[in-house]
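Okay, so the sequence shown: first residue is 1 according to our numbering, each after it adds one.
Note that beta-carbon positions come from the ideal geometry of N, C-alpha and C, so glycine has one too.
Remember, predicted model here, so these are calculated numbers, not experimental data.
Structure, as structure tokens:
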Amino acid sequence: MNRAVLLAATSLATFGMASGASAQDATATPADSAAPAGGDEIVITGIRGSQERAVAIKREATSVVDSISAEDIGKLPDVTISDSLQRIPGVQILRSAGEGSTINIRGLPQVVTLMNGETYLGAQSITSVQPNFNDIPSQLFAGADVIKSTTGSLLNSGITGTVNLRTRRPFDLKEGLTLAAAAEGAYGDKTKHKFDPNFNGLISWHNDRFGFMVSAAYSDVRLSNSHNGIQEGYGAALHNEGTADATSNGGFSPSFRPRGTAVAGGVDVNGDGDSNDAFIVPQGFTGWNKINQRQRLGINGSAQWMINDALTLTGDAFFTKQTEHDRTAGFQMQDVNWQAAEFVPGASRDTGATYVGGDGRTYNINTTQVYNYDLGNFDSYAQTDRYRSQSQNYNLELKFDNGGPFKATLRGVYGKAHQYYDQSYLQFSLSDGQQWQPGGVGHYPTGDRVFNANGYTVNTIAGLNSLPAVVDFTGNKPVFTLPSQLLDSLGDMSNYALKTMSSEGNYRKNGDMKVLRADGSYEASPDLTISFGGRYSERSVSDYEFDRAAPLYAGQASDPNGCLVKWKAFDVPMSNSSCSAGDASGYYTAGLTRLATDPTLASMVKLFNPGVAGVPNMYVLDPKAMDNALAFQNSFYPGNVEVMNPGSSYKVGVKQISGYVQTDFHGDLFGLPFSGNAGVKVINTKLDITQYVTGDPQPYGMANTLAGSVNTKRSFTDILPAFNVAFDLAQNLKLRVAMSRTMTLLDLNQWGGGLTPNYAIDTSIPGTPVFRVTGGSQSGNPQLDPWRATNVEGSLEYYLGRGSLLSVGAFHISVDSFIQSGNVIRTDLPDNDGVVRGRTVSISTPVQGTGGTLQGVEAGAKLSFLDLSFMPDFLRNFGIDSNFTYSPSDTGKKDLSGSTIPFQDNSKIQTNLALFYQDSHFQARVAWNYRSERAVQSDFGGISGLELYQAPTNYIDASVSYDITPNVTIYGQGSNLTGEYEKYYLTWKDQKAYNNVFERRFTVGARVKF
């Protein structure tokens, strides 16, 4: 309900001032809420104080803005800024391991981030527009503003909104010395680590001319982020009961493993007596526990010097560093042949939707709830992802204000950031390996090795003697029924054989930016101010992506230096003509297999519980052993080198020259007071895009060769008017109207990225595997246009007191051009051995949308019961902060069920409700956040209209604190108290996809301030 409030207050905080100053300079306090007549100012602190400030900001604004203050940020378990911003109406967040990460405003991710009124470069969003505040400690900020209706002076704004982060500065604090510190420990009910430390502190001093301030925050947390369901990264296929599909090697009833009942036209596999049905077939199911360890450090420094009564110089420095290890341990149960129908449905439902198969027949699409498998691959799986992120942002700002009609600001900003990602994984298999090498025997210079003498035989070899396995997804989480032979094997380490190890998808992202800006304003009269300014900015980004490959069989291969191999795996024969290794007995096997009990592995293999019903404790490589991916890979296969992935690597440079003219005005119309601003900004954008050309395939899993580069230069100019006006209908009643044109740049990879094919093993001919092309991604197109839209909104606000407000608003956003995820079908891509076999594959790529609309209604209620005279005394310490947003959207496309597909990541309904209590010592707050379903991915697995959705979520957080003295506070916090988790499905709610399971988190701590 704060949402409509948000609509009406935006431009005030940063750019509503004619001087073009930062957001924190523009937050005024209404006269009726500042001080009682004839007395000293009364300062209200805590939750109630922060709510009063938010109401004051909205009331005085001439555009639509909503804010949170430091008191708000500290009073709920808000580890990141995203967690705090979700309490603002219309702000939707995604969670990473339970913590807030990326945000949307009014359903769209094209949200620009500012710091103190100018561009901020974060390490989590080097190449993207959408903010990700995962690495930014919330304790370093005085507050944040969400700006929804742009102004002429806001030269860098988002399509639907802009986030302005406000850091602390010395002149914001009391004169003299200020000291503050806090220490806390956190605990998760799944990670169960004893103590996750979090420390922060601040020191500040200033007199009437000069001041400095330094604050810092450090934390080391371990977060649980489990997963169960289909392996979403591997997609799905549609298979039908017609003869051609059902009896093929990838069908439900191949000749070596017939299933179902023969009927006219095909095979009945679901028992309804006909062959007219089709089913969604995932590549596999998986379950794992992931522990995300995040070590964060943030430092904020600021100095201010009042040179004289007219000039003030401000310098700011903001530094963040985060090292994150995501350690995954679990299992993969996958089809032996890529996306083959290696099950028959035990429970299914006809959806009423149809599709036309390759044989020209029309089939009824069914959802599946119970999968009766002939067991294929069952692997123990470990993976470690390491992210090293760092950002630096510097600001130098000179303000001129001598009390006269002319004011000016000159400002320079520099930012630099990088994020480095390293990955390593290892698989053990419990099978006998016959699907990969003849007889399950690997061939090596030192002699042949049996892969796994105690292993089971997979379905493509065992045929009708395959082991049965069942995945029951009738409930919210899958339940596995595994064969007894496999269950007996899981508890014995000697039944696990090393299959694959690799390090792939690594990257080095670097970015920097430079901004020079000048603003001026002239107060022509008490009712009219003219402001103007110009801005020049440069931003450059490079993304270098690579896999690691080791030289195998040096001195024994066709290349004396050895053959470079990414997939050091038992299923990879060294048989490629470009580089091979072998002897008279045959080609060597790339991966040197060994049992998990081998001395080179045994100390690193541990029992883990994957957290999935029906799957017991099993042996998995401890993912912590792979924290240093390069060292781990070299310890088994020395000499790993970086092999560039040209399709994912690129460089983009952006230069913008922009300027604006704006008038801020006051007046009355037929006795009705009003205030507002009207302006226009002109932005010229120049793009310099370097894409790398993908050449011929390389063997053994390596990326295609680099075949050169293509440079594209583009330029476009946008003229963007903006208008905001607020009418005082009565003393406590405001009507706001805003209209604007907006433009936002794309994520830079959407211009720069190239084609990256994906490959997977095909063992349809046992013993002679082929790594077939299965799809891929083409992440960039330099001819795509930026996001452009026309925004119109209005709101009505009724102020009941210093901390109380009722509001309702509506907005309409007409998007002229937008980018959405799409798919194109290719049949010309070669397999990894370089042979084009005419496979039909789906390539995901950004496509230019023709336009769409997003509209909605926002309502809010901020009620401090102390303001309401009719409240009984026992309720006067309570209050409410609530909002509701209704924002339906339409991409113009339909999913397979015939339903309209909304904008991705947009929830039609979002609700926040917080109840608080505050007296002279004790504070408590309980907050609830609800999001309705959201669209996640279009054309899942390349199946047109198969949309991946996330089901609605409900999160409840709470906090309590007690002021022992005015300077010492103890507190406790809890997040995700109900143990909510994310549930995903494919178009129909009973076609379950997977779950992301987070944990409850609890924190206790103490704060001191002097």
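- request: Report the rounded CA-to-CA distance for serine 580 versus tyrosine 363, giving the unit in angstroms.
  value: 46 Å
query: Under three-state DSSP, which class holds threonine 845?
result: strand
Own chain residues within Cβ distance below 6 Å of glycine 315, not counting five before or after: Ala303 and Leu396
- prompt: Going along the chain, which residues of its own chain have a beta-carbon closer than 6 Å to the beta-carbon of arginine 386, five neighbours each way excluded?
  reply: His325 and Asp422
field: Proximity winner among Ala738, Leu866 and Val267, relative to tyrosine 917 (alpha-carbon distances)
entry: Leu866
Cut-off 7 Å between Cβ atoms - residues of its own chain near aspartate 335, not counting five sequence neighbours on either side: Gln283, Gly284, Glu342 and Gly376
- prompt: Taking the alpha helix (DSSP H) that alanine 590 falls in, what are its first and last residues?
  reply: From DSSP, alanine 590 is part of no alpha helix (DSSP H); its letter is neither H nor E.
message: I'd like to know if the region 698-706 and the region 676-690 are in contact, where contact means that at least 3 CB-CB pairs between them fall below 8 Å.
response: no
query: For isoleucine 530, which residues does DSSP report across the bridge?
result: Tyr522 and Thr663
message: In this structure, how does DSSP classify tyrosine 507 when only helix, strand and coil are distinguished?
response: strand
task: Find the nearest neighbour of histidine 921 within the set Trp751, Asn906, Ile964 and Tyr798, judged by alpha-carbon distance.
output: Ile964
task: Excluding the 5 residues preceding and the 5 following lysine 627 in the sequence, name in chain order all residues of the same chain whose CB lies nearer than 7 Å to its CB.
output: The identity of residue 627 in the sequence shown is aspartate, whereas the question assumes lysine. Correct list, in chain order: His325, Thr384 and Arg386.
task: May I ask you to report which of helix, strand or coil DSSP gives glycine 856?
output: strand
query: Around the Cβ of lysine 568, are there at least 16 other Cβ atoms within 10 angstroms (buried) or fewer (exposed)?
result: buried
query: Helix, strand or coil: how does DSSP classify glutamine 139 here?
result: helix
field: leucine 748 (DSSP reduced to helix, strand or coil)
entry: coil
Endpoints, the alpha helix (DSSP H) within which lysine 58 is located: 46-60
- prompt: Do three or more CB pairs link the region 496-506 to the region 587-605 at distances below 8 Å?
  reply: yes
- request: Please report how far the alpha carbon of threonine 62 lies from the alpha carbon of arginine 839, in whole angstroms.
  value: 59 Å
- prompt: Roughly how far, in whole angstroms, is the beta-carbon of threonine 460 from the beta-carbon of asparagine 337, given that I think they are within contact range, below 8 Å?
  reply: 7 Å
- prompt: What did DSSP end up calling alanine 867 once you bin it into helix, strand or coil?
  reply: Per the sequence shown, residue 867 should be read as aspartate rather than alanine. In the structure shown, aspartate 867 sits in a helix (DSSP, three-state: H, G or I).
query: Is the region 652-665 in contact with the region 532-551, if contact means three or more CB pairs nearer than 8 Å?
result: yes
message: Tell me the rounded alpha-carbon separation between aspartate 785 and tryptophan 751.
response: 9 Å
query: For lysine 893, which three-state DSSP category applies?
result: coil
field: Cβ pair glycine 158, valine 91 closer than 8 Å
entry: no
- prompt: Which residue from Arg925, Asn929, Tyr930 and Ser577 puts its Cα closest to that of glutamine 51?
  reply: Arg925
query: Taking 7 Å as the line, does the beta carbon of isoleucine 291 fall inside it for any heavy atom of the ligand MG?
result: In the structure shown, the ligand MG is absent, as is every other ligand, since no ligand is present at all.
query: Residue ranges of each beta strand (DSSP E) run of no fewer than 3 residues wholly in the region 303-379, ordered along the chain?
result: 311-334, 343-356 and 362-374
Where tyrosine 994 falls, given that 16 or more other Cβ within 10 Å makes a residue buried: buried
Phenylalanine 1010 and leucine 179 closer than 8 Å at C-beta: yes
- request: Have a look at Lys190, Gly834 and Asn207 and flag the residue whose alpha-carbon is nearest the alpha-carbon of leucine 1014.
  value: Since the first residue of the chain shown is 1 and the last is 1010, residue 1014 is not available in this structure.
- prompt: So glycine 1005 and glutamate 184 are in contact, right, with Cβ under 8 Å, and what is the actual spacing, rounded?
  reply: 3 Å
message: Need the endpoints of the beta strand (DSSP E) that serine 795 sits in, please.
response: 787-801
message: With a threshold of 6 Å on Cβ separation, who are the neighbours of glutamine 392 within its own chain once the five nearest residues in sequence on each side are excluded?
response: Phe319 and Lys416
field: Straight-line Cα distance separating aspartate 519 from glycine 611
entry: 58 Å
- request: Pull up the distance between the alpha-carbon of glycine 562 and that of valine 643, whole angstroms please.
  value: 15 Å
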